[in-house]
Every structure is written in structure tokens, then in C-alpha cells.
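Trainee: Take this structure, written in C-alpha cells, and hold onto it; I'll ask about it next.
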Ligand SMILES: C[S@@+](CC[C@H](N)C(=O)[O-])C[C@H]1O[C@@H](n2cnc3c(N)ncnc32)[C@H](O)[C@@H]1O
């Protein structure tokens, strides 16, 4: 079987609605191994993995090697591939060809290749990455599968400065340029810049929600790296959900259009009485698209995070959150 056939077989399995995320770890692993095998990038090296990262005015752009290593997280790969597949399917009900803008494709174009293998020339991707090296590896990889006709444009640029051709706006904008609790990396700034130019485009992920929560870390017991052969039983957690404090979706982006400056609004929460072992944390929920989602601990993006500045909290406190844009983006929090 040649590499394109293998890519097609794995992509078919990964996007099959009959298979749940938990059943697809072997396929996600095989996809990563296939891309590693076919890629011109070597992830084995003596340099620190983030030596080639760039600090942009919108946040940290991780290095080509670190971007490749994201494929080591199977649930992240599966949920994003399934979600993007569903979004393209939605657009295809009304259009013959779907234009997808992929901001931050990394060296593997990991989310795009399965769609190209399945949809062929029904999809036309604009692939953007700020790192020329990532884009070069991605291009060599796409060409090695003979899928170059599924790419309309290769763009080496900071996606927050990318100008969309108003005559040909994308139907789907996909970006996976985030970290847990939307800190450090430029997901918010990228969606804000691109959605303002193409407000009708479907977003992948369609919603990222950060919740505040009180939890007992000893009763969380994050699961090990997913292994299909070991069923995971979640422990009895001890949590008090304080509700969503920040949401990134098309409604929020539309509401922020008129805002200027480097701060976006977020919610305030009042801290109720809580147990001696409980601590404040931020939880990240990612609705990729069409019911495909990433929940707590399913990948590094959804691991609970301490409050910004590790701020101590007490019952009765009111915490006012906001989102700071700029080269070190993220939620900030003040006691009011
Ligand atoms: C987490 S990686 C995602 C890689 C790819 N989605 C994958 O799963 O393999 C993020 C990628 O986005 C790129 N990136 C980050 N910020 C960017 C920006 N402002 N404009 C363009 N690319 C950006 C990084 O260079 C990196 O390749």
C-alpha cells in the first residue's frame, strides 16, 4: 500500500462517526508515525525543542519541532481532525469547493492532510505559518502525498497581519495556536484578526471556554497518556464550578469588533466557601466543531491551570478577570 493509500485509510477511520475518540488512539498514532516517516523534518535533535520559537506581538509561535510534537497527543489530533472534517462537510452541502484558511499549519499540516486525502480537490487550503521552516516541511510533505492541488496558497506570515482577499473569503478558518487557558499563544488575536475580515466563516474550534473552578488537586488524578487497551475510570473529583469566565467564539469576536486597546472583557466570579484542600484553577473546554470536543485532561490544552500570578483566593472574594492581548497574552485577574 502506498503512503497516500495509508493516509486515506487512517483519515477514513479517524473521521468515521461510528468511531469514538477513545477507539482511535492507534489510528492517530499511526498517522503521526506516517507523517514522521514521510517528513523532511527530524524531531530528534540536540537543541531544546523550543529554541526556534518566535515571540510575536500577538504571542508565542512555537518552534517547528515543538509544533510537530503536538501530534504526540492523540485526542487533540482526533478531535481537531474530526471537527474540521465536520465543518468542511457542512460547507460542502451548499458549495462545490470549500476554501479553508489554516493559520499555523506547522511542519505536518496535521489537520489539513487527512481532509485533502478524503475530500481531494473539493477542498482548497490556504496554509499559513509564521515559520518559513515549518511551511517548507509542510509543503514537502503535502507534495510527497501528491496533494499539492488541494493547496491554493502557501503563506509565510504572522496570521494576525494576513490580509484576506475580500473577493474570496474562506468558508472555514482553522487555527490551533493555543495553550491551556488561552495563555501565551496567539489563538485569540489570530481569530480576532481573521474573523473580522471573514465573519461568515465557520471557526474551528468553534468555541473555547475557560471556567474558574475550585478543586482538590489530590482528587483529580489526571489520566495517563491515552492507551486504548487500558480503560480509564475517572476518580471522584471534589470540585466547585464557578462558571465560565471567558469564551472565544464567533459571538464574542463580533462583540469585540468595536473594542480598541489591548484588553478584552471577561467575567467576575464570587468565591463561595470552600474546603481546606481545594484550590482555584482555570479549566479549558474546547468545542472543536459539530459536537467534537476536548475536555479536562484529554490533552495539554485542557489541563487545569492555576490562576494568573498564582493569586491566592479566600471565600467571599470577588475576582474580576480580563484578557490581555499582546506578546504575552492571557487572562489576568484582580480581587475587587
Ligand atoms: C500548535 S502548532 C500547531 C501545528 C499544527 N496545527 C499541528 O497540529 O501539527 C502552532 C503553529 O502555529 C504557528 N503560529 C503561531 N502563531 C502564529 C501566527 N501568529 N501566525 C502564523 N503562524 C503562527 C507556529 O509556528 C506553529 O507552527
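Numbering (my numbering), first residue to last: 43 to 378. Built from N, CA and C at the ideal position, the CB exists for glycine as well. From a predicted model like this one, the values you see are computed outputs, not experimental measurements.
Under three-state DSSP, which class holds residue 321?
Mentor: Looking at residue 321 - three-state DSSP - the assignment turns out to be strand.
Trainee: What are the boundary residues of the alpha helix (DSSP H) that includes residue 68?
Mentor: Element bounds for residue 68: 67 to 80.
Trainee: Quick check: does the Cβ of residue 179 come within less than 6 Å of any heavy atom belonging to ligand 1?
Mentor: Flag unset: Cβ of residue 179 not near ligand 1.
Trainee: From the DSSP secondary-structure annotation, give me the bridge partner or partners of residue 121.
Mentor: Answer is none; residue 121 lacks a bridge partner.
Trainee: Taking 6 Å as the cut-off, is the C-beta of residue 176 nearer than that to any heavy atom in ligand 1?
Mentor: Checking the Cβ of residue 176 against ligand 1 gives yes.
Trainee: May I have the straight-line CA-CA distance separating residue 332 from residue 143, to the nearest angstrom?
Mentor: If I take the Cα positions, the gap works out to 18 Å.
Trainee: Alpha carbon to alpha carbon, how far is residue 174 from residue 86? Give it in angstroms, no decimals.
Mentor: Going by the C-alpha atoms only, they are around 19 Å apart.
Trainee: Taking the beta strand (DSSP E) that residue 197 falls in, what are its first and last residues?
Mentor: Looking at the DSSP string, the run of the beta strand (DSSP E) that includes residue 197 is 193 to 198.
Trainee: How do the stretch 157 to 164 and the stretch 220 to 231 stand: do at least 3 beta-carbon pairs fall below 8 Å, yes or no?
Mentor: Contact fails: fewer than three Cβ-Cβ distances are below 8 Å.
Trainee: Hey, quick one: how far does the alpha helix (DSSP H) through residue 174 stretch, first residue to last?
Mentor: Where residue 174 is concerned, the enclosing alpha helix (DSSP H) stretches over 174 to 186.
Trainee: Need the endpoints of the alpha helix (DSSP H) that residue 154 sits in, please.
Mentor: 154 to 161 is the span of the alpha helix (DSSP H), which, as asked, contains residue 154.
Trainee: I'd like the ranges of any beta strand (DSSP E) spanning at least 3 consecutive residues and lying wholly in the stretch 194 to 251.
Mentor: Qualifying beta strand (DSSP E) stretches, in chain order: 214 to 217 and 244 to 246.
Trainee: Going straight from the alpha carbon of residue 245 to that of residue 93, what length do you get?
Mentor: Spanning the two alpha carbons is a distance of roughly 30 Å.
Trainee: What is the DSSP secondary structure of residue 51, reduced to helix, strand or coil?
Mentor: Reduced to three states, the DSSP call for residue 51 is helix.
Trainee: Taking its Cβ as the centre, do 16 or more other Cβ atoms sit within 10 Å of residue 278, making it buried, or is it exposed?
Mentor: Its Cβ having fewer than 16 others within 10 Å, residue 278 is exposed.
Trainee: Residues in the same chain with beta-carbon distance under 7 Å from residue 295, minus the five sequence neighbours each way, listed in chain order, please.
Mentor: Cβ within range, chain order: 233, 234 and 237.
Trainee: Could you tell me which of 200, 53, 50 and 68 sits nearest to residue 104, measuring between CA atoms?
Mentor: Checking every option, the nearest Cα to that of residue 104 belongs to 200.
Trainee: Going by the DSSP bridge assignment, what does residue 255 pair with across the sheet?
Mentor: In the DSSP output, where bridge partners are listed per residue, residue 255 has 283 and 323.
Trainee: Residue 301: buried (16+ other C-beta within 10 angstroms of its C-beta) or exposed?
Mentor: With fewer than 16 other Cβ atoms within 10 Å, it is exposed.
Trainee: Note the first and the last residue of the continuous beta strand (DSSP E) segment covering residue 307.
Mentor: It spans 305 to 312 - the beta strand (DSSP E) in which residue 307 sits, taken as one unbroken run.
Trainee: For the candidate residues 134, 213, 170 and 160, whose alpha-carbon lies nearest to that of residue 151?
Mentor: Closest option to residue 151, Cα to Cα, is 170.
Trainee: If contact is defined by three or more beta carbon pairs under 8 Å, each pair taking one atom from either stretch, is the stretch 94 to 101 in contact with the stretch 360 to 371?
Mentor: These segments touch.
Trainee: Would you report the Cα separation of residue 68 and residue 339, rounded to the nearest angstrom?
Mentor: If I take the Cα positions, the gap works out to 19 Å.
Trainee: For ligand 1, is there any heavy atom lying closer than 6 Å to the beta carbon of residue 116?
Mentor: No, ligand 1 has no heavy atom inside 6 Å of this Cβ.
Trainee: Which whole-angstrom value describes the C-beta separation of residue 73 and residue 132, a residue pair presumed to lie in contact below a C-beta threshold of 8 Å?
Mentor: Going by Cβ atoms, the distance from residue 73 to residue 132 rounds to 23 Å, so no, they are not a contact pair.
Trainee: Cα-Cα, which of 280, 78 and 328 is closest to residue 252?
Mentor: The option with the nearest alpha carbon to residue 252 is 328.
Trainee: Spatial neighbours of residue 157 within its chain, please: CB distance less than 7 Å, with the 5 preceding and 5 following residues excluded, ordered by chain position.
Mentor: Once the five neighbours on either side are set aside, the close Cβ partners of residue 157 are 126, 127, 130 and 165.
Trainee: Residue 213: which of 52, 306, 137 and 351 sits nearest, CA to CA?
Mentor: Minimum Cα distance to residue 213 is reached at 137.
Trainee: Whose C-beta lies closer than 8 Å to the C-beta of residue 46 among residues of the same chain, with five residues either side of it excluded?
Mentor: Excluding residues within five positions, the ones whose Cβ falls inside 8 Å are 159, 187, 188 and 189.
Trainee: Report the rounded CA-to-CA distance for residue 239 versus residue 318, giving the unit in angstroms.
Mentor: Cα to Cα, residue 239 sits roughly 48 Å from residue 318.
Trainee: Assuming contact is defined by CB atoms lying nearer than 7 Å, are residue 57 and residue 76 in contact in what I supplied?
Mentor: Not closer than 7 Å, so no.
Trainee: So what's residue 85 in DSSP terms, helix, strand or just coil?
Mentor: Coil.
Trainee: With the cut-off set at 7 Å, would you say residue 153 and residue 123 are in Cβ contact?
Mentor: A contact, by the Cβ cut-off of 7 Å.
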